[in-house]
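**Student:** In the numbering used here, the protein residues as written are 95 to 188.
1. Go through its chain and collect everything with a Cβ distance to residue 168's Cβ below 7 Å, but skip five positions before and after it.
2. For a minimum of 4 consecutive residues, which ranges assigned as the alpha helix (DSSP H) are wholly contained in the region 103-152?
3. Measure the Cβ-Cβ separation of residue 139 and residue 182 and say whether it is below 8 Å.
4. Taking residue 124 as the reference, give the member of 136, 132, 109 and 133 with the closest Cα.
5. What does DSSP give as the partner residues of residue 161 in its beta bridges?
6. Which of the three DSSP states is assigned to residue 188 in this structure?
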């Protein structure tokens with residue numbers, strides 16, 4: 095949803111920093127396949143196939159110590175949104 099404003103990514107950051115693993119079409123969370131979805135203005139985890147997270151976005155969120163600022167993610171001093179583009183969650187400049 096590019097251009098629609100930030101969608102709260104806090105839960106996704108918690109899950110990635112909590113040990114989720116990236117797989118080609120899903121995340122592995124506590125041994126279970128999980129996908130992303132937007133619900134009520136926030137990114138959530140779903141147990142059915144929804145949105146996949148782009149590998150580059152996953153790596154950036156995992157390797158950095160990102161912080162959520164007004165619904166955007168600060169990585170290395172720059173702000174990004176976690177947007178859905180063609181079924182993938184990707185980082186877009188805020």
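Ideal Cβ placement from N, Cα and C applies to all residues, glycine included.
**Tutor:** Short version:
1. The sequence position of residue 168 within the chain shown is 74, counting from 1. Once the five neighbours on either side are set aside, the close Cβ partners of residue 168 are 160 and 161.
2. The region 103-152 contains these whole alpha helix (DSSP H) runs: 104-111.
3. Indexing the chain shown from 1 puts residue 139 at position 45. Indexing the chain shown from 1 puts residue 182 at position 88. The Cβ-Cβ distance between residue 139 and residue 182 does not fall below 8 Å.
4. Translated into positions along the chain shown, residue 124 becomes position 30. Residue 124 has its Cα closest to that of 109, out of 136, 132, 109 and 133.
5. Walking along the chain shown from the start, residue 161 turns up at place 67. Note: residue 161 sits in a beta bridge opposite 168.
6. Your numbering for residue 188 matches position 94 in the chain shown. In the structure shown, residue 188 sits in coil (DSSP, three-state: anything other than H, G, I, E or B).
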